[in-house]
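Below: one structure, written as C-alpha cells.
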Amino acid sequence: NAGVTQTPKFQVLKTGQSMTLQCAQDMNHEYMSWYRQDPGMGLRLIHYSVGAGITDQGEVPNGYNVSRSTTEDFPLRLLSAAPSQTSVYFCASSYSSNREGNTEAFFGQGTRLTVV
Amino acid sequence: GENVEQHPSTLSVQEGDSAVIKCTYSDSASNYFPWYKQELGKGPQLIIDIRSNVGEKKDQRIAVTLNKTAKHFSLHITETQPEDSAVYFCAASGGGSTLGRLYFGRGTQLTVWP
Numbered sequence: 002n003a004g005v006t007q008t009p010k011f012q013v014l015k016t017g018q019s020m021t022l023q024c025a026q027d028m029n030h031e032y033m034s035w036y037r038q039d040p041g042m043g044l045r046l047i048h049y050s051v052g053a054g055i056t057d058q059g060e061v062p063n064g065y066n067v068s069r070s071t072t073e074d075f076p077l078r079l080l081s082a083a084p085s086q087t088s089v090y091f092c093a094s095s096y097s098s099n100r101e102g103n104t105e106a107f108f109g110q111g112t113r114l115t116v117v
Numbered sequence: 033g034e035n036v037e038q039h040p041s042t043l044s045v046q047e048g049d050s051a052v053i054k055c056t057y058s059d060s061a062s063n064y065f066p067w068y069k070q071e072l073g074k075g076p077q078l079i080i081d082i083r084s085n086v087g088e089k090k091d092q093r094i095a096v097t098l099n100k101t102a103k104h105f106s107l108h109i110t111e112t113q114p115e116d117s118a119v120y121f122c123a124a125s126g127g128g129s130t131l132g133r134l135y136f137g138r139g140t141q142l143t144v145w146p
C-alpha cells in the first residue's frame, strides 16, 4: 500500500528559484492538504482541497500555489523561493463519511526544503 | 478560525510512569479530535482520535478524554516505554466548510528514560 507519496525527499534551492513539490495518494480520498512544519510551530496549513478542481487557502498561503486536476495528485508550487520557506513540507489526505464526518488523515514522509 | 493550544512543549518521564498532554480549542463547532505521533524523520501518524459525542476512549496504554464544556482534551499514556519517545500533536476539526481541515497544536516532545 503506497498511501501518500511525496517527492522529492530533500531539495536545496537558491533564492528566487521556483519548484514543484509533488504529492500523490492512491486511497481515492477527497481531501488533500499541504502543511509546513517549523520548529516550535507545529503543523501549519498552507493550502487544501476538498476535491478535484477545488482548492482553498490555509493559514500561511503566501508564496505558494496549488492545483487539483485529479483526485490523486495535489502539487505545491513555490513561485519564487525565499529563505523563509525553508521548512519541512507534509502532504496529507483524508475523507469524510456521511455518518461520522472527518476521519483519519494520512501523511506523506515529508519534503525537507532548504532555500539559500 | 480554530485555535488549538497544547501543553507542555516538552515532557520527560521515567519508563513505566504515566504521561499526560493537554490541549484546548476555541471553536465550539469542532467535533473531531485526533492525536498524532511523529517519530524523527517521519510523517505524523494517527494514534487515537475522539469525537464530540464521546467523553473518553481507550486503546491499550493510550487514552484520550474530552471535555466539551471546557473545550479541552487530553492524551494519557500509561506504563510508558522508550519507544513512546516522539513528538505528539493534538488537532481539532469541524464540519461544514472546515471538513478535511485539521488545526494542530504546536506539539509535545516526549522523552521516556529507561
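If you read the sequences in order, they're chains A and B. Counting in the working numbering, the first sequence tops out at residue 117, every number present. Counting in the working numbering, the second sequence tops out at residue 146, every number present. The C-beta atom is built at its ideal place from N, Cα and C for all residues, glycine as well.
Per-residue contacts from residue i into chain A (C-beta, under 7 Å)
i: R138 of chain B; result: G41, M42, G43
i: S125 of chain B; result: N103
Interface residues of chain A facing residue i [CB-CB closer than 8 Å]
i: R93 of chain B; result: What R93 of chain B touches in chain A: nothing, since even the nearest Cβ is about 19 Å away.
i: D81 of chain B; result: E105
i: Y120 of chain B; result: Within chain A, no residue comes near Y120 of chain B; the closest Cβ sits about 11 Å away, beyond 8 Å.
i: N63 of chain B; result: G102, N103
i: P40 of chain B; result: None at all; the shortest Cβ gap to chain A is about 13 Å.
Limits of the unbroken beta strand (DSSP E) element including residue i
i: D45 of chain B; result: Reading off the sequence shown, one finds Val at residue 45 of chain B, where the question assumed Asp. Note, V45 of chain B: beta strand (DSSP E), 42-46.
i: P66 of chain B; result: 64-70
i: H30 of chain A; result: Element bounds for H30 of chain A: n/a, residue is neither H nor E.
i: R113 of chain A; result: 112-116
i: N66 of chain A; result: 65-67
i: V36 of chain B; result: 36-39
i: K54 of chain B; result: 51-57
i: D57 of chain A; result: 55-58
i: K90 of chain B; result: 88-91
i: D21 of chain A; result: The sequence as given places Thr at residue 21 of chain A; Asp does not occur at that position. Counting along the chain, the beta strand (DSSP E) containing T21 of chain A begins and ends at 20-26.
i: F121 of chain B; result: 118-124
Interface flag, residue i vs chain B, CB-CB below 8 Å
i: E73 of chain A; result: no
i: L46 of chain A; result: yes
i: F91 of chain A; result: yes
Per-residue contacts from residue i into chain B (C-beta, under 8 Å)
i: V51 of chain A; result: L131, G132
Listed by chain order, chain B residues near residue i by CB distance under 7 Å
i: N63 of chain A; result: Correct list: empty, because the minimum Cβ distance to chain B is about 16 Å.
i: S95 of chain A; result: G132
Interface partners of residue i on chain B, CB under 9 Å
i: Y32 of chain A; result: L131, G132, R133
i: P110 of chain A; result: Pro is not the amino acid found at residue 110 of chain A; the sequence shown has Gln there. In chain order: G73, K74, G75.
Beta-carbon proximity check, residue i vs residue j, cutoff 8 Å
i: V116 of chain A; j: Q86 of chain A; result: yes
i: Y96 of chain A; j: Y32 of chain A; result: yes
i: R138 of chain B; j: S41 of chain B; result: yes
i: G54 of chain A; j: M28 of chain A; result: no
i: T97 of chain B; j: F105 of chain B; result: yes
i: N103 of chain A; j: G132 of chain B; result: yes
i: Q23 of chain A; j: Q7 of chain A; result: yes
i: I47 of chain A; j: L77 of chain A; result: yes
i: F121 of chain B; j: G111 of chain A; result: no
i: T140 of chain B; j: Q38 of chain B; result: yes
i: G75 of chain B; j: F108 of chain A; result: yes
i: Y64 of chain B; j: I79 of chain B; result: no
The ligand GTP heavy atom lying under 7 Å from the CB of residue i
i: Y96 of chain A; result: This structure lacks the ligand GTP; in fact it carries no ligand of any kind.
Neighbour flag for residue i against chain A, beta carbons, 8 Å
i: L78 of chain B; result: yes
i: P66 of chain B; result: yes
- Item | Three CB pairs or more closer than 8 Å across the region 30-50 of chain A and the region 74-92 of chain A | yes
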